[in-house]
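Undergrad:
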Amino acid sequence: MNMFNYIFEGKTYTDTSNEYMLAIGMSAEQIESVMSQKAYEEGEGAIAKRKAAYTKESDPLFLEWQYDKTPATEAKWRAKVLEIKARFPMVSADA
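Structural data, given as structure tokens:
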């Protein structure tokens, strides 16, 4: 899974706890902006990245499987789908 990071005053950070961001000197507005970006990347951004990966990586394998209908090509396609899902996980609303 890709870890979310943000840049503040020329440095890259990964800790998004409110306490930490206040301690490094971020304003409430800056913290809100970081949290909004994080939510986007974990939600809609992940959907867009997953969709692009399906189109580029798994769709050709699916078409190949549809053409020859062998267990090996089906397994290759399904493995790619699982790989994409692991790379771009969906965050549930409950998380």
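Everything in the sequence shown is counted per the working numbering, starting at 7 for the first residue and increasing by one.
Just so you know, even glycine gets a beta-carbon here, dropped at the ideal spot from N, CA and C.
Between the alpha carbons of A102 and V87, how many angstroms are there, rounded?
TA: Residue 102 cannot be examined here, being either before or after the span of the chain that is shown, 7 to 101.
Undergrad: Report the three-state DSSP secondary structure of I90 (helix, strand or coil).
TA: I90 falls in the helix class under three-state DSSP.
Undergrad: Please confirm if the segment 60-77 is in contact with the segment 32-52, defined as three or more CB-CB distances below 8 Å between the two stretches.
TA: no
Undergrad: Would you kindly check if the distance between the Cβ of T79 and the Cβ of E70 is under 7 Å?
TA: yes
Undergrad: Under a three-way DSSP split, which group does K55 fall into?
TA: Note: K55 maps to helix in three-state DSSP.
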